[in-house]
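A short write-up of the structure that comes next.
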Amino acid sequence: MNVFSTCWNSSRHKDGGAMCDEIRELGFDRIEASHGLALSMMPGIIKAVEEKRIRVEGVHNFCPAPIDVPGDAPDAYQFTSYRAERRERAMRLTQETLMVAARLEARYVVLHMGSIDLFKRRHATRPLERMARNGEVGTREYARIKGELVRKRYKLAPLYYERARETLHQLAEQAAKYNLVLGVEGRSHFEQVPGELEMPRLMEEFADNPHVMYWHDFGHIQRKHNLLLLNHDQYLKKLSPYMYGGHVNDVQWPSRDHRAPFYGGDVDFRSLLPRYFRRSMPLTWELSSSVKREDILHAKVLWDELMQQVPE
């Protein structure tokens, strides 16, 4: 099913209802209430839901945005932090998000699980992205730097993975009370948790729990594919048994994601969608606010044509 994230236009509105109406004009009648939404937007969204102008299919943690963090910062507090008070804050904010999701009659909540603290400010992946922009992917120097990154990450990862895993067990119990699905999102940076080898293991552990499933982000995983950190098709094949839905966005080489699909990006939607997805899954367009309205409208025509090839 087609869903549209409020991250595209929430910053341009003060009223949540007007934000929903603009999304409806694009041809979407379901939204994902994204991180970054101000608390003041909630009354308008609730009214739009009650008047059946929009349906809230899902919510992205943290929602509403934490009042103590300026701007849109979904990773300001992480379940994997070495500081216990920050982990506790992340848990409290997530509990609030679950309550908001239940109030909006949503079905899922997308989660970022965290990252490895010793990689400060995404410095681990950025050198690879810089080399990719310079046409150095596949060179000996690129392989050397990537190899160092891989070795360091897998030495440090177990502690952070375990923190994320323990948190997910706690949140799964609360999600069950609200009848929500927790969508564990595949992330864009190699230092983030879970990684491409950890995610299948984590999903297998929760395979019998209907409240924890995998959430695919086409743009995030394509960014790693572009850096030779994984293979997009093979990764999806491993995780397809645990799939709940995903974020739809394209990537302009090598790492500019949240672009409209089919606009010069690298994601092979025509191959991946029919093989690993179903039309009944929420497929949420998560686009940058810089994407133009007319580009979205044109992309949706192509998208709707492609969806006819996707199994029910």
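For the sequence shown, the working numbering begins at 6 and goes up steadily by one. Just so you know, even glycine gets a beta-carbon here, dropped at the ideal spot from N, CA and C.
Among residues of its own chain, excluding the 5 on either side of residue i, which ones have a beta-carbon nearer than 8 Å to its beta-carbon?
i	result
Leu109	Ala38, Ile50, Ile51, Val54, Val61 and Val64
Val186	Arg112, Tyr113, Val114, Ala180, Pro215, His216, Val217, Met218 and Tyr249
Gly188	Gly63, Tyr113, Val114, Val115, Leu116, Met218, Tyr219, Trp220, Tyr249 and Gly250
Gln175	Met96
Which same chain residues, not among the five before or five after residue i, have their C-beta less than 7 Å away from its C-beta?
i	result
Gly32	Lys305
Cys25	Ile36, Ile50, Ala53, Arg58 and Ile59
Leu98	Phe67, Pro71 and Tyr82
Ala265	Asp255, Leu292, Val296, Asp300, Ile301 and Ala304
Thr102	Val64, Asn66, Phe67, Cys68 and Val114
Arg275	Leu311
Which partner residues of residue i appear in the DSSP bridge assignment?
i	result
Leu187	Val114 and Val217
Glu5	Only positions 6 to 317 of the chain appear in the structure, and residue 5 is not among them; the question remains open.
Met248	Tyr219
Leu154	Partner(s): none; Leu154 has no beta bridge.
Thr289	Val8 and His252
Ser120	Gln197
Arg334	Nothing can be reported for residue 334: it is not among the residues displayed for the chain, which extend from 6 to 317.
So, using beta-carbon positions, are residue i and residue j closer together than 8 Å?
i	j	result
Gly251	Trp290	no
Asn231	Asp271	yes
Asp122	Tyr82	no
Arg298	Pro259	no
Leu244	Pro287	no
Arg283	Pro246	no
Ser15	Met46	yes
Gly191	Asp222	yes
Can you give me the Cβ contacts of residue i inside the same chain, cut-off strictly under 6 Å, excluding the 5 residues immediately before and after it?
i	result
Met319	Here the chain covers residues 6 to 317 and nothing more, so residue 319 does not appear.
Glu196	Ser120, Ile121, Phe124 and Ala129
Ser193	His225 and Arg228
Phe267	Ala304 and Leu307
Determine the burial state of residue i: buried for a count of at least 16 other Cβ atoms within 10 Å of its Cβ, exposed for fewer.
i	result
Glu201	buried
Gly21	buried
Val318	The requested residue 318 is not part of the displayed model; the chain covers only 6 to 317.
Arg158	buried
>> Taking contact to mean 3 or more Cβ pairs, one atom from each stretch, closer than 8 Å, check whether the stretch 159-173 and the stretch 131-147 are in contact.
In response: no
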